[in-house]
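Participant: Take this structure, written in structure tokens, and hold onto it; I'll ask about it next.
2 protein chains.
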Amino acid sequence: MMVPVNDIPLKDNPPDGPAAGGAPLRVALLGCGHVGSQVARLLTESADDLAARVGRPLRLVGVGVRHLQAERPGVDPALITDRVDELVAQADLVVEVIGGIEPARRLILSAMDQGAAVVTANKALLAAHGPELHAAAARAGVDFYFEAAVAGAIPIVRPLRESLAGDEVLTVMGIVNGTTNYILDKMTADRLSFGQALAQAQELGFAEADPTADIEGYDAAAKASILASLAFHTEIAGDQVHREGISAITAEDVAAAASWGHVIKLLAVARLIDQGEQRVSVRVHPAMVPQSHPLAAVRGAHNAIWVEARHSGELMFSGPGAGGEPTAAAVLGDMVTVARHRAQGSAGPIWRPYTRRPVAPMAAAETRYYVSLLVQDAAGVLAKVAAVFARHGVSILAVRQTQLEGQVGRANLGVMTHVAQDAAVQETLAELRAVPQVVSGRIRHLRVEGH
Amino acid sequence: MMVPVNDIPLKDNPPDGPAAGGAPLRVALLGCGHVGSQVARLLTESADDLAARVGRPLRLVGVGVRHLQAERPGVDPALITDRVDELVAQADLVVEVIGGIEPARRLILSAMDQGAAVVTANKALLAAHGPELHAAAARAGVDFYFEAAVAGAIPIVRPLRESLAGDEVLTVMGIVNGTTNYILDKMTADRLSFGQALAQAQELGFAEADPTADIEGYDAAAKASILASLAFHTEIAGDQVHREGISAITAEDVAAAASWGHVIKLLAVARLIDQGEQRVSVRVHPAMVPQSHPLAAVRGAHNAIWVEARHSGELMFSGPGAGGEPTAAAVLGDMVTVARHRAQGSAGPIWRPYTRRPVAPMAAAETRYYVSLLVQDAAGVLAKVAAVFARHGVSILAVRQTQLEGQVGRANLGVMTHVAQDAAVQETLAELRAVPQVVSGRIRHLRVEGH
């Protein structure tokens, strides 16, 4: 089934050739790590099924790598090549699972220019250069698919791009990073500190030795920009996403959330806001979610995406959000779609970011807040605190006062607000810090989503 | 924007015309009921967005109906016509929301023969004539899309047809009928009898005056056949689905399920079974589902579909499963996909039922069972009962004996089995009926899914 890269003849079968039993479609795989090795394996194992589903065989003509010497168990060594540009030039279909910006970007653009369809799992590249890649695909008239870039095997890119294309999406809100969900779940279920939960996640392989990309929300922000761009038909880059990680979340925050019937999740939130003009609020931050919300039930390293659309209502998609095999399965699904188009001489939809909706600054975001204050346990303090909220137009939904053990003369004040603009809440917090009866170093706040 | 049907010129714009700002794509809507009227409304309200997403405007050229006189608020009367064949002949894209077999079947085939793409929400027609319609679409080289036929606005047809096309689906299990889920949910949450819950559902419009199609599982069986055909790449008709409804479920069954930590749901189950040859077990019946399973959390009239695939793992899709507006939104999503293909001169994937996997008889289905017996409260009865199970190779997972109030000398025996073949359990039940210490008229059994 597999043929070394140098034995492949130059392109001799037009993409609009016979629909079944025709010449194989030539697949170049770029990258052979965690995901790439699984793609290579599944392509071989499922060759007959894939051929039947596409109407033509898929032939892996080479696996492009940087270092020829590395061990790649399960991948035919004859397919491995470091002559990556030559490999790309021979392919009908290029699968990019290198990750990162370069050389992935250059190779994808080169593939498109030469008429090859492209499937990628590269969220960082899409977040940084999405518009350039989409434009290149449209110019070349080739398919560009990337289901695996967000939430692993959970179909969410295709539903947003196609199933919901007749609707108006209002909110996309999801748990799109398995590492942080694992850590927060452990903190909630086993009452661990952030440090303990992170250490456990690292031990079990759910977190990297350098966990920054996950725990500081960079990974989730890249995915949020992709989801928001598709949902709202506009161009949003990863660095336009407001981003806060979970490293400052304490066991006390988790306990406070629980006492209000909530759990803390790292959410990617993209919401259409209409304050005179339509803008997209897109942000990644920890948030309290009511235990009754479907996102609260997402355990371990799982992912889930909740979508609210004007006519379809509330939809939820969940499943394993990472892992080499699920991600490879998503890549293969895209490959079948792209190969079917190729076999039929057609192509999938062109992405049109026609709304050009701008990104709203975080100050304009609208959400509920939970604010926890350590205050002097004296008459009139609650009135004073409430007046500060009122002065900034932040309406209070509920207040709870709790005595603290070993803190004579002090009490904890938990304040849950109605939906308010972020700017107003930040101003409220700033003024609260100056109230003499409030211990300024002990003010905590969390956004609250899912009501 | 809308033009009466008689003023539309004959086809003058080739389907492969310019991609943006070209001549409108002519849409014929067949049927103007619950879903059709919403499709007409949304097509008008969202005209600008749809045109931008497709690259060409969609123009509703007529709404085909049987009775011209009926009231159709919100639909331009000038579009209404009963000259349905003429309407079909003028369309690039035919949307069929009449329902039922004829004339829907004849009109769809006629549309395809004349080169029009077809979008339908007609589950009954697909369940009865799916292969004929798919073959006609393939022959004519036109698109045939039907996301709205299963689970309303929840994207499940496209994920099965495309997202999971690189994977091997093992099980599709879902709550695909909102009426029965509403009834069972009411029975569970409010301890109503089946009759009380049905009456309430009818009062609130969740059940029809004649609820047979829903409560006896015909609607779910049609959807199960569509899901199973797509998931397993084979042709399965609605009447090949084993079907049991919920009208025999009692408040006692619901209470017994709860005492075992389960809820009762009407499930559509399609599973690949390998007993020498690969066959598809496809069935609709009430089943006990563990409270911890995501399907157990599906409340009210909602729908949800749980998919297990070899490489992707366990995925779940949930949302509103019915209603005119969500169903219309699913239809519009398909229309955008089909119209994009038309504007680009391409077409979507051809469905290939290449596996030709046969349907397994219900006797070959494999699942867990819960069996409830009313027995004489005497020494040796449990041993006798257990021996019957053992004789048929049905392994017991757990047994619970409960005394019954007002039933002196009698006890209830609840038996939970391991996975067993349906045939073996039916033989077990037959033999249990003949055991003198078992009250034969009081044997109840329920399948158990979701472990």
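Keeping their order, the protein sequence lines are chains A and B. At position 258 of the first sequence the residue is numbered 258 (our numbering), and the sequence of numbers has no breaks. At position 117 of the second sequence the residue is numbered 568 (our numbering), and the sequence of numbers has no breaks. Glycine included, C-beta positions come from ideal geometry on N, C-alpha and C. Here the structure is a predicted model, which is why all the values come from computation and not from measurement.
1) Anything in the region 777–789 of chain B with a Cβ closer than 8 Å to a Cβ of chain A? List those residues in chain order, please.
2) How about Val241/A and Val282/A: are their beta carbons less than 8 Å apart?
3) Using beta-carbon positions only, say whether Ile154/A and Leu766/B come within less than 8 Å of one another.
4) Which residues, taken in chain order from the region 154–166 of chain A, show a beta carbon closer than 8 Å to some beta carbon of chain B?
5) Among the candidates Gln426/A, Thr367/A, Gly393/A and Ala430/A, whose CA atom is the shortest distance from the CA of Glu449/A?
6) So which residues on chain A does Phe768/B lean against when the C-beta distance must stay under 7 Å?
7) Please specify which runs of the beta strand (DSSP E), each continuous and at least 3 residues long, are wholly inside the region 663–736 of chain B, giving them in chain order.
8) Report back the beta-carbon spacing between Tyr820/B and Arg898/B to the nearest angstrom; my notes put them in contact at under 8 Å.
9) Closer than 8 Å, CB to CB, is Gly17/A near chain B or not?
10) What residue range does the beta strand (DSSP E) around Glu102/A cover?
11) What residue range does the alpha helix (DSSP H) around His302/A cover?
12) Quick check on the DSSP output: the beta strand (DSSP E) that includes Thr868/B runs from which residue to which?
13) Between the alpha carbons of Thr402/A and Val388/A, how many angstroms are there, rounded?
14) Give me the residue from Ala379/A, Arg191/A and Pro211/A with the minimum Cα distance to Ala251/A.
15) Looking only at its chain, what residues have a beta carbon closer than 8 Å to the beta carbon of Val439/A, apart from the 5 residues adjacent to it on each side?
16) What whole-angstrom Cβ distance do Gly689/B and Ala579/B have, given they're in contact under 8 Å?
17) On the three-state DSSP scale, how would you describe Ser497/B?
18) Buried or exposed: where does Thr212/A fall if 16 or more other Cβ atoms within 10 Å of its Cβ makes it buried?
19) By the criterion of Cβ-Cβ separation under 9 Å, what are the contact partners of Tyr369/A in chain B?
20) So Ala297/A contacts chain B; which residues on that side make the cut at Cβ distance below 9 Å?
21) Closer than 8 Å by beta-carbon distance: list the chain A residues that pair up with Arg803/B, in chain order.
22) Based on the DSSP output, what are the partners of Phe595/B in its beta bridges?
23) Go ahead and label Ser292/A buried or exposed: buried means 16 or more other beta carbons lie within 10 angstroms of its beta carbon, across all protein chains shown.
24) What does the alpha-carbon distance come out to for the pair Arg884/B and Ala708/B?
25) Using only CA atoms, which one of Ala675/B, Glu695/B and Ala816/B lies nearest to His736/B?
26) Show which residues of chain B have a CB atom less than 7 Å away from the CB atom of Gly313/A.
27) DSSP puts Phe389/A in a beta bridge; with which residues?
28) Pairing CB atoms from the region 594–614 of chain B with CB atoms from the region 780–795 of chain B, are three or more of them under 8 Å?
29) How should Val478/B be labelled, buried or exposed, when 16 other C-beta atoms within 10 angstroms of its C-beta is the threshold for buried?
30) State the Cα-Cα distance for the pair Ile531/B and Gln795/B, rounded to the nearest angstrom.
31) I'd like to know if His451/A contacts chain B, where contact means its C-beta is closer than 8 Å to some C-beta of that chain.
32) Opposite Phe317/A in the DSSP bridges: which residues?
33) Per DSSP, what kind of secondary structure is Tyr633/B in: helix, strand or coil?
34) Judging by CA-CA distance, which residue of Leu678/B, Phe645/B and Gly482/B is the nearest neighbour of Val758/B?
35) Please state whether DSSP places Ala360/A in a helix, a strand or coil.
36) Please list, in chain order, the chain A residues whose beta carbon lies closer than 8 Å to that of Leu493/B.
Facilitator: Let's see:
1) Hits within the stretch, in order: Pro777, Ala779, Ala780, Ala781, Val782, Leu783, Gly784, Asp785, Met786, Val787 and Thr788.
2) Taking 8 Å as the Cβ cut-off, Val241/A and Val282/A qualify as a contacting pair.
3) Yes, these two residues count as a Cβ contact at 8 Å.
4) Against chain B - using a Cβ distance shorter than 8 Å - the residues of the region 154–166 of chain A are Ile154, Pro155, Arg158, Pro159, Glu162, Ser163, Leu164, Ala165 and Gly166.
5) Considering only Gln426/A, Thr367/A, Gly393/A and Ala430/A, the residue with the shortest C-alpha distance to Glu449/A is Thr367/A.
6) Under a criterion of Cβ atoms nearer than 7 Å, the residues of chain A adjacent to Phe768/B are, in order, Phe317.
7) Listed in chain order, the complete beta strand (DSSP E) runs (minimum 3 residues) inside the region 663–736 of chain B are 713–726.
8) The distance from the Cβ of Tyr820/B to that of Arg898/B is about 6 Å, consistent with a contact at the 8 Å cut-off.
9) Only weak support exists for where Gly17/A lies, its pLDDT of 36 falling under 50; the value from the coordinates is given anyway. Judged by the 8 Å Cβ criterion, Gly17/A is not in contact with chain B.
10) Here Glu102/A belongs to no beta strand (DSSP E), and DSSP marks it neither H nor E.
11) Annotation for His302/A: no alpha helix (DSSP H) segment contains it, though the beta strand (DSSP E) segment containing it runs His302 to Ala309.
12) Arg861 to Thr868 is the span of the beta strand (DSSP E), which, as asked, contains Thr868/B.
13) Distance between the alpha carbons of Thr402/A and Val388/A: 20 Å.
14) Per the Cα distances, Arg191/A.
15) The beta carbon of Val439/A sits closer than 8 Å to the beta carbons of Leu373, Leu374, Val375 and Arg410 from its chain, once the five residues preceding and following it are set aside; these are given in chain order.
16) The Cβ separation is near 6 Å, so the contact holds.
17) The DSSP-derived three-state label of Ser497/B is coil.
18) With fewer than 16 other Cβ atoms within 10 Å, it is exposed.
19) Chain B residues near Tyr369/A: none, gap ~28 Å exceeds 9 Å.
20) Correct list: Pro745 and Ala748.
21) Correct list: Ala52, Arg53 and Gly55.
22) For Phe595/B, the beta-bridge partners assigned by DSSP are Val569/B.
23) Exposed, by the Cβ-count rule.
24) Distance from the CA of Arg884/B to the CA of Ala708/B, rounded to the nearest whole angstrom, comes to 22 Å.
25) For the options Ala675/B, Glu695/B and Ala816/B, the alpha carbon positioned closest to that of His736/B is the one of Glu695/B.
26) The contacting residues are Ala604, Gly770, Pro771 and Pro777.
27) Within the DSSP bridge table, the entry for Phe389/A names no partner.
28) Enough Cβ pairs lie closer than 8 Å, so yes.
29) That one is buried.
30) C-alpha separation (whole angstroms): 30 Å.
31) Chain B has no Cβ within less than 8 Å of the Cβ of His451/A.
32) Beta-bridge partners of Phe317/A (DSSP): Ile305/A and Phe768/B.
33) Helix, per DSSP.
34) Closest by alpha carbon: Leu678/B.
35) Reduced to three states, the DSSP call for Ala360/A is coil.
36) Chain order gives the chain A residues near Leu493/B as Gly166 and His311, where near means a beta carbon separation below 8 Å.
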